[in-house]
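Rendered as structure tokens:
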């Protein structure tokens, strides 16, 4: 048996294929990330934010200024909500957080508070509320199991109103979606 020796051209071709493949994978990953992280400016009542592009935005109602949901999520779609609540000048973040918690207990199925505390979020004082609840499809023709949903609310005081920014996502994808929510939260201005 004779040993076949590879020529310099063969080695160059093998190395070129590996390098081109790596460059294509990296370029594809950057393109995918730019598409996933694309955003649209949103502004209403002195509050502006960069909302995720391609998400379903619901009509604003009463105190809800923005409600946007990732329609490509599995289970309960990741949802960001911004609310503006009128308050008195003496109100504290913990009092407003108590009001928000009572609303959740009234409106959400199997609501459970996990944690609440004062925090600083991107240089602003806020009150953080962490909770879980069960979301089930009210349509009886669907045979889906209910979803356990984790949520986090941030309560900010701003003069005569409070700004409540909420993030809710399926428990299975909550940690994966949390980084994207922090990008959204960082873009918030009021």
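In this note's numbering, the protein residues as written are 29 to 218. Even glycine gets a Cβ: it sits at the ideal position worked out from N, Cα and C.
Worksheet item: Identify the residues that DSSP records as bridge partners of residue 184: which are they?
Response: 191
Practice prompt. For the stretch 40-47 and the stretch 145-156, state whether three or more C-beta atom pairs, one from each stretch, are separated by less than 8 Å.
Written response: no
Practice prompt. Return helix, strand or coil for residue 110, following the three-state DSSP convention.
Written response: strand
Item to complete: Taking only runs that begin and end inside the stretch 81-147, name each unbroken beta strand (DSSP E) of 3 or more residues, in chain order.
Response: 84-86, 92-97 and 107-114
Worksheet item: Skipping 5 residues on each side, what residues in its chain have a beta carbon closer than 7 Å to that of residue 83?
Response: 96, 97, 98 and 99
Fill in: Spatial distance of residue 188 from residue 111 (CA atoms)
14 Å
Fill in: Own chain residues within Cβ distance below 7 Å of residue 73, not counting five before or after
93 and 112
Worksheet item: Taking just the CA atoms, how far does residue 50 sit from residue 90?
Response: 51 Å
Worksheet item: Considering only the beta carbon of each residue, do residue 239 and residue 218 sit closer than 8 Å?
Response: Residue numbering for the chain in the displayed model covers 29 to 218; residue 239 lies beyond these limits and cannot be assessed.
Worksheet entry | Residues near residue 141 by beta carbon distance below 6 Å, same chain, minus five either side | 159
Worksheet item: Between the stretch 194-206 and the stretch 101-110, do three or more beta carbon pairs fall short of 8 Å?
Response: yes
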